[in-house]
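Plus 440 on top of the position in the sequence shown (first one is 1) and you've got our numbering.
All C-beta atoms in this analysis are idealised placements derived from N, C-alpha and C, irrespective of residue type, glycine included.
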Amino acid sequence: MTESTRRRRRPRALAAMLAVTLTCDGSASAFVPPPAGTLHSPFSSATAAAAAVAPAAGRASQQHPSQQRRGLLQGGYPRWSSSSSSSSSPLAGSAPAGGVVPTDHTDGWEPRDGVEIGTCSLVGSGPGDPDLLTVAGLRELQSADLVIADRLVSKEILGLVEGELRVARKYPGCAEQAQREIYRWMREGLSAGKHVVRLKIGDPFIFGRGGEEVLVMRELGVEPKVVPGISSVFSAPLLGGVPVTHRGVATQVTLGTGYGQDYARPDICDYHPQKTAVFLMAIGRLEELCADLVRRSYPTDTPVAIIENASTPRQRVIKGTVDTISKVARGLKVKAPATIVVGEVVSVLHGPEQGLLSDAAEGMFAGVDKERVASAAERVAEKKEGLFSGEAGEKVPVRRQA
Ligand SMILES: C[S@@+](CC[C@H](N)C(=O)[O-])C[C@H]1O[C@@H](n2cnc3c(N)ncnc32)[C@H](O)[C@@H]1O
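Here it is in C-alpha cells:
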C-alpha cells in the first residue's frame, strides 16, 4: 500500500474543512462549513455506516501519462482510458471528434519526478436532496480530501462534505474565469497527492461540461472515475408531478438548453403533439423560449410547467401555457435552478389548474421528507452563516456522528 493510499484510508477525524469561493472579479474568499457531525445525516445509519467504512473504490495511484496510463474498471465505475486498451469505449481518445478540444489547462504544470499525484473523481450530486445522491456519490464525498463543487449544488449536499470544500461561483459573464479557477484548484489538489472530487449538480454529463472536464483531467495526467447522478431532466418533472411520457399522450422526449456555448440562443425542435420538451438553463430566457416555441408551431395553449429547486425545501411548481408562463414566472420571481417542461403531459396529473401549484411545503410528488430536509438545511444555514462567507484559512476539526 502506498503512503498516499494509507493516508486516505485513515479515519478522517482530523480532516479540516475550508471552502473557497470565487467571485466574478476573480477574488477568492473562504468559509468553514459545519462539522459533519452537526448535520443530521439524511441516510439511514446502516447506509451511512456502510459508506463510512467502505474502502473508497478505485484508489489505485495514478501517474502522469508520461509515467503510466491506466484505464481500468475500478469500483464498478469506469475510468475510460485514452490508451488503445479501451479504444472501443465511446470516450476513448483524448480529443473528441468534431467537438470542443480543450486548450492546455496544465499551465505548464507537471508532477515532479517520483512524486505520486493524486486521484480524481467526477461525481453527480443529483438535483439537491441528499436522499437522491447515489451511495457511490456519498462514498466519494466522504473519502475526498478536496471537493470542488459548483454553486448550484445544494447546501444540503455540501453539508455532507467532510474534507476541504471549494465552491466555484459560476455566473453568466464569469463562467470561463470560474472554470479556470476550478482547473487550478484541481492541479493544486492533484499535485498535493489528494483525492479530488469534482462535484456537479445532477448528472455530470448533462449540460455540465462533464466531458470537457474528463479531457482536462486527462491533460493533467489522471483518468477520473465518473459517478453518474440523478439528472434534473427527469427528476425535476417527476418531483413536480409531471410524467414526461404517458401512454396516449407523449411518446417522445427532447432535451434542450436556453443557453448554448458563449450564451448563444440554441435552435429548438419543431412541435409534435406527442412530444414532451424539457429545457434546462432556460429560465433567464423564458420569454424568448416561448417565442421560439410559437415559431416552431407550438399552439399557444400548450401546457408548460416550471419546477424550481426540485427536491429541495425550496421546491416550487408553476404551471401555465406557452402564452402565459413568462408572465406567471415573472410574477413569482422564479429563479435558477429551474427545469421547464412543455407538452400535454404537464396536465395529466395536474389538470387545467394554472399558477403556483405547490411550494416547498406541499410538493405533489415529494420524494423526500421535507421536514427533515428543511431542518438539515436550517442546521447547515446556521453553521455556515450564509454559505459563501467565513474566515480565510480557518480550520475546524471534524466531529463525526455517533
Ligand atoms: C448547468 S445545468 C446542469 C444540469 C445537470 N447536470 C443535471 O443533469 O441536472 C443546470 C440546470 O439544471 C437544471 N437543474 C439542476 N438542478 C435542478 C433542480 N434541483 N431543480 C430544477 N432544475 C434543476 C436547471 O435547469 C439548471 O439551470
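{"Query": "Find the nearest neighbour of I765 within the set A750, L797, V662, T752, judged by alpha-carbon distance.", "Result": "L797"}
{"Query": "What are the uninterrupted segments assigned as beta strand (DSSP E) that are 3 or more residues long and contained completely in the region 712-760, given in chain order?", "Result": "715-720, 743-748"}
{"Query": "Quick check on S671: does DSSP put it in helix, strand or coil?", "Result": "coil"}
{"Query": "Should K759 be labelled buried (16 or more other beta-carbon atoms within 10 Å of its own) or exposed?", "Result": "buried"}
{"Query": "Any contact between the region 776-786 and the region 703-710? By contact I mean 3 or more CB pairs, one from each, below 8 Å.", "Result": "no"}
{"Query": "Indicate whether the contact test is met: 3 or more Cβ pairs, each with one atom in the region 639-659 and one in the region 742-755, closer than 8 Å.", "Result": "no"}
{"Query": "Using a Cβ-Cβ cut-off of 7 Å (strictly less than) and excluding sequence neighbours within five positions of A676, which residues of its own chain qualify?", "Result": "P567, I747, A750, T779"}
{"Query": "Measuring CB to CB, does V667 end up less than 9 Å from G577?", "Result": "yes"}
{"Query": "Any heavy atom of ligand 1 closer than 8 Å to the beta-carbon of P664?", "Result": "no"}
{"Query": "Can you tell me whether DSSP reads V575 as helix, strand or coil?", "Result": "helix"}
{"Query": "Spatial neighbours of D585 within its chain, please: C-beta separation below 6 Å, excluding the five flanking residues on both sides.", "Result": "G603, K634, H635"}
{"Query": "I want to check one thing, is the minimum distance from the CB of P844 to the heavy atoms of ligand 1 below 8 Å?", "Result": "Examination of residue 844 is not possible in this model, given that the chain is present from 441 through 842 alone."}
{"Query": "So for I765, helix, strand or coil by DSSP?", "Result": "helix"}
{"Query": "Let me check one thing: in DSSP terms, what residues is L605 bridge-paired to?", "Result": "V587"}
{"Query": "Just how far apart, CA to CA, sit R756 and M721?", "Result": "16 Å"}
{"Query": "In angstroms with no decimal places, state the Cα-to-Cα distance between L726 and D732.", "Result": "10 Å"}
{"Query": "Taking Cβ positions, are R624 and P664 nearer each other than 9 Å?", "Result": "no"}
{"Query": "Let's test the definition: count the other Cβ atoms within 10 Å of the Cβ of P570 and tell me whether it reaches 16, buried, or not, exposed.", "Result": "buried"}
{"Query": "Nearest-angstrom Cα distance between G783 and G771?", "Result": "22 Å"}
{"Query": "With a Cβ-Cβ cutoff of 9 Å, do V788 and V744 count as a contact?", "Result": "no"}
{"Query": "Note the first and the last residue of the continuous beta strand (DSSP E) segment covering I780.", "Result": "778-782"}
{"Query": "Could you give the residue range of the beta strand (DSSP E) that holds H790?", "Result": "Segment 786-790 is the alpha helix (DSSP H) holding H790; no beta strand (DSSP E) there."}
{"Query": "Kindly indicate the opening and closing residues of the alpha helix (DSSP H) around G629.", "Result": "615-631"}
{"Query": "Taking 8 Å as the cut-off, is the CB of Q755 close to at least one heavy atom of ligand 1?", "Result": "yes"}
{"Query": "Hey, how far is the Cα of L679 from the Cα of V785?", "Result": "14 Å"}
{"Query": "Would you report the Cα separation of K767 and L660, rounded to the nearest angstrom?", "Result": "47 Å"}
{"Query": "By Cβ distance, which residues of its chain are closer than 6 Å to G696, with the 5 residues on each side in sequence left out?", "Result": "I708, F719"}
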